[in-house]
Amino acid sequence: MYSTILMLHHYIAFIAILLLAYATINGAIGASSEKVFEESHRKINVFALISCHTMLLLGLILLAVSPIAEVAFADMGAAMKDSVLRKAVVEHPFTNIIAVVLATIGNAKSKKAIGNGRKFKVSMIFFGLALVLILSRLPFEKLF
Ligand code: HEM
Ligand code: HEM
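For the sequence shown, position 25 matches number 120 in this note's numbering, and the numbering has no gaps at all.
As structure tokens, then:
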């Protein structure tokens with residue numbers, strides 16, 4: 096169970112990061128041009144959102160089943176002093192939950208926003224912020 100969830104969380108990470116980057120760049124290009132926000136643009140945002148929600152679900156399961164989390168939760172005081180444990184069990188999950196919330200808000204707001212430029216701008220800002228947050232606490236050393 097643990098190894099399967101970890102593997103999924105590992106490989107879907109690439110997909111989520113690429114889709115977030117795509118949604119951000121797409122938003123930036125649209126915001127600086129006269130493009131019409133079409134169904135295809137909305138779909139890019141929804142796919143980025145779905146990949147983020149999937150990562151959230153897998154991440155929450157990891158917090159429950161990961162041996163690292165078990166060690167950390169057994170003595171939270173000691174875990175907070177250990178930079179490796181703190182990053183894996185506190186900083187990475189906490190930052191990424193905020194990032195997923197931002198992506199969710201971005202998707203909803205881009206649907207409701209009025210005007211093409213506004214839809215693109217909202218997408219750029221929220222998906223971009225989510226991406227920056229994720230990259231700030233990504234365990235690159237485990238990813239490659
Ligand atoms: C811990 C797990 C999850 C939580 C807490 C969660 C939470 C949410 C919330 C609050 C919304 C509402 C957004 C809105 O009102 O616009 C939402 C929408 C959505 N979620 Fe999740 N979600 C989770 C897992 C997933 C998973 C695993 C998938 C797909 C594989 C998924 C796909 C979607 C989709 C497609 C939408 C609708 C987007 C839209 O209306 O444009 N979610 N989710
Ligand atoms: C899109 C957002 C996210 C990305 C790109 C991401 C990426 C990663 C990567 C690359 C790893 C290392 C995997 C490995 O060792 O092979 C990891 C580990 C982990 N992630 Fe995430 N993650 C995200 C969101 C989350 C969230 C929202 C949570 C918790 C709610 C979470 C919890 C964890 C935990 C607990 C580990 C450590 C698991 C272990 O080593 O046993 N992640 N994540």
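Glycine included, C-beta positions come from ideal geometry on N, C-alpha and C.
Residue j and residue i - do their beta-carbons sit closer together than 8 Å?
i, j, result
"Phe132", "Lys207", "no"
"His200", "Phe221", "Residue identity check: residue 200 is Ile in the sequence provided, not His. Yes. Within cutoff."
"Val184", "Met96", "no"
"Ala116", "Leu226", "yes"
Just the C-alpha distance for residue i and residue j, rounded to the nearest angstrom, thanks.
i, j, result
"Ala173", "Ile120", "41 Å"
"Phe239", "Met219", "27 Å"
"Ala118", "Ile139", "6 Å"
"Asp170", "Leu180", "11 Å"
"Leu157", "His104", "9 Å"
"Thr99", "Gly223", "29 Å"
Taking only heavy atoms of ligand 2 into account, decide whether any of them is closer than 7 Å to the Cβ of residue i.
i, result
"Asn121", "no"
"Asn89", "With the chain represented from 96 up to 239, any question about residue 89 goes unanswered, as that position is not in the structure."
"Val184", "yes"
> Do the stretch 135-154 and the stretch 109-119 touch if we need at least three Cβ pairs shorter than 8 Å?
Replying inline: yes
> Going along the chain, which residues put their C-beta within less than 6 Å of some heavy atom in ligand 1?
Replying inline: Val141, Leu144, Ile145, His148, Thr149, Leu151, Leu152, Leu155, Thr199, Asn202, Ala203
> Taking contact to mean at least 3 C-beta pairs separated by less than 8 Å, is the stretch 177-192 in contact with the stretch 120-130?
Replying inline: no
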